[in-house]
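Here's the structure we're looking at; comments come further down.
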Amino acid sequence: AQSVAQPEDQVNVAEGNPLTVKCTYSVSGNPYLFWYVQYPNRGLQFLLKYITGDNLVKGSYGFEAEFNKSQTSFHLKKPSALVSDSALYFCAVRDEGEMIKAAGNKLTFGGGTRVLVKP
Amino acid sequence: DAGVIQSPRHEVTEMGQEVTLRCKPISGHDYLFWYRQTMMRGLELLIYFNNNVPIDDSGMPEDRFSAKMPNASFSTLKIQPSEPRDSAVYFCASSSPAKHTEAFFGQGTRLTVV
Numbered sequence: 046a047q048s049v050a051q052p053e054d055q056v057n058v059a060e061g062n063p064l065t066v067k068c069t070y071s072v073s074g075n076p077y078l079f080w081y082v083q084y085p086n087r088g089l090q091f092l093l094k095y096i097t098g099d100n101l102v103k104g105s106y107g108f109e110a111e112f113n114k115s116q117t118s119f120h121l122k123k124p125s126a127l128v129s130d131s132a133l134y135f136c137a138v139r140d141e142g143e144m145i146k147a148a149g150n151k152l153t154f155g156g157g158t159r160v161l162v163k164p
Numbered sequence: 056d057a058g059v060i061q062s063p064r065h066e067v068t069e070m071g072q073e074v075t076l077r078c079k080p081i082s083g084h085d086y087l088f089w090y091r092q093t094m095m096r097g098l099e100l101l102i103y104f105n106n107n108v109p110i111d112d113s114g115m116p117e118d119r120f121s122a123k124m125p126n127a128s129f130s131t132l133k134i135q136p137s138e139p140r141d142s143a144v145y146f147c148a149s150s151s152p153a154k155h156t157e158a159f160f161g162q163g164t165r166l167t168v169v
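Line by line, the protein sequences are chains F and L.
For the first sequence, counting from 1, position 51 maps to 96 in the numbering used here; every step adds exactly one.
For the second sequence, counting from 1, position 19 maps to 74 in the numbering used here; every step adds exactly one.
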């Protein structure tokens with residue numbers, strides 16, 4: 046079964062400093078990986094995804110993520126955090142193996158990491 | 056496209072009452088997902104549909120919960136009878152069939168059962 050772990054409930058960083066939000070995954074086949082952001086009282090917004098190809102993926106608002114197959118990780122990064130980046134971040138995975146087996150399209154989310162960027 | 060549309064945005068109801076949440080997916084999307092978000096459990100997948108057919112309902116907590124998708128542009132999630140522990144934010148999301156595509160989320164329905 047596919048699963049995602051976000052080991053940190055909260056990440057605190059000063060504005061202007063680099064931001065990293067960690068994510069590890071478990072799948073039986075090839076992973077399709079996604080990052081979403083949720084602002085207060087809003088739905089989840091898509092940030093970026095890894096499907097295949099270059100391990101470094103660039104997304105919206107200056108975010109990027111690095112796919113590491115050997116470590117089964119997909120950490121989200123931003124070189125210089127802004128106060129407006131304070132939000133809840135979710136990592137998600139879709140397992141190609143499960144999709145083939147069950148003909149499904151299930152997207153499983155991690156528990157979320159709250160990011161607080163202080164001025 | 057207006058995106059995924061959910062109604063109502065907020066619902067307050069008394070314990071024991073029936074609650075119906077509604078969702079209109081993005082036109083052309085074949086997959087529709089219902090998620091529940093709580094502080095304790097995070098974001099849980101309740102059920103998802105492909106071409107209006109339920110594919111996986113293993114996340115539905117109990118028989119009080121039911122979901123339908125009578126056509127490609129409308130789905131409902133019903134709780135009958137509702138209980139205080141059902142209080143949560145319920146999200147609907149949709150995606151196209153391509154395996155590499157992301158899901159698009161609605162704004163959610165905040166349900167409070169008193």
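Ideal Cβ positions, reconstructed from N, Cα and C, are used throughout, including at glycine.
Quick one: residues in its chain with C-beta nearer than 6 Å to the C-beta of residue i, no 5 flanking neighbours on either side, listed in chain order?
i, result
"F/Leu133", "Gln83, Gly157 and Arg159"
"F/Pro76", "Tyr70 and Val138"
For a quick check, are the C-beta atoms of residue i and residue j less than 8 Å apart?
i, j, result
"F/Leu127", "F/Glu111", "no"
"L/Met95", "L/Val169", "no"
"F/Val58", "F/Thr153", "no"
"L/Leu76", "L/Tyr90", "no"
"F/Leu39", "F/Phe119", "The structure shown does not extend to residue 39 of chain F, since chain F is modelled only from 46 to 164, so the question has no answer here."
"L/Gln162", "F/Gly88", "yes"
"F/Ser125", "F/Val162", "no"
"L/Thr68", "L/Ser137", "yes"
"L/Gln61", "L/Thr164", "yes"
State yes or no: is the beta carbon of residue i nearer than 8 Å to at least one beta carbon in chain F?
i, result
"L/Tyr145", "no"
"L/Gly83", "no"
"L/Gly97", "yes"
"L/Ser128", "no"
"L/Phe120", "no"
"L/Glu157", "yes"
"L/Leu100", "yes"
"L/Gly161", "yes"
"L/Asp111", "yes"
"L/Cys150", "Position check: residue 150 of chain L holds Ser in this sequence, whereas Cys was assumed. Chain F contact via Cβ: present."
"L/Asn106", "no"
Check whether the Cβ of residue i lies closer than 8 Å to any Cβ atom in chain L.
i, result
"F/Arg87", "yes"
"F/Lys94", "yes"
"F/Gly156", "yes"
"F/Tyr77", "yes"
"F/Leu121", "no"
"F/Thr165", "For residue 165 of chain F there is no data in the structure shown, the boundaries of chain F being 46 and 164."
"F/Thr153", "yes"
"F/Asn100", "no"
The beta strand (DSSP E) that contains residue i, what's its start and end?
i, result
"F/Lys94", "Leu89 to Tyr95"
"L/Val59", "No beta strand (DSSP E) holds L/Val59; DSSP gives it neither H nor E."
"L/His65", "His65 to Thr68"
"L/Asp111", "Val108 to Asp111"
"F/Leu127", "Neither: F/Leu127 is in no beta strand (DSSP E) and is coded neither H nor E."
"L/Phe129", "Phe129 to Ile134"
"L/Ala158", "Note, L/Ala158: premise wrong, no beta strand (DSSP E); not H, not E."
"L/Arg91", "Tyr86 to Thr93"
"L/Asn126", "Phe120 to Asn126"
Ignore the nearest five residues each way along the sequence and tell me which others in residue i's own chain have a CB closer than 8 Å to its CB.
i, result
"L/Ile81", "Asp56, Gly58, Val59, Ser149 and Phe159"
"L/Pro139", "Met70, Val168 and Val169"
"F/Asn62", "Ser125 and Ala126"
"L/Arg64", "Gln162, Gly163, Thr164 and Arg165"
Using CA atoms only, rank isn't needed, just tell me which of the options is closest to residue i.
i, options, result
"L/Asn107", "L/Phe120, L/Tyr86 and L/Arg119", "L/Tyr86"
"L/Phe88", "L/Phe129, L/Ser128, L/Phe104 and L/Asp141", "L/Phe104"
"L/Glu157", "L/Ser128, L/Asp141, L/Ile110 and L/His84", "L/His84"
"F/Ile96", "F/Thr153, F/Gly88 and F/Asp140", "F/Asp140"
"L/Ser113", "F/Leu89, F/Ala46, F/Val162 and F/Lys163", "F/Ala46"
"F/Gly104", "F/Lys122, F/Val66, F/Gln51 and F/Gln55", "F/Lys122"
"L/Leu98", "L/Pro109, L/Cys147, L/His155 and L/Val74", "L/Cys147"
"L/Lys123", "L/Val74, L/Lys133, L/Val144 and L/Pro116", "L/Lys133"
"L/Glu66", "L/Tyr145, L/Ser151 and L/Ala153", "L/Tyr145"
"F/Asp99", "F/Asn113, F/Phe108 and F/Cys68", "F/Asn113"
Under 7 Å Cβ to Cβ from residue i, same chain only, skipping five residues before and after it: list those, please.
i, result
"L/Ser142", "Leu166, Thr167 and Val168"
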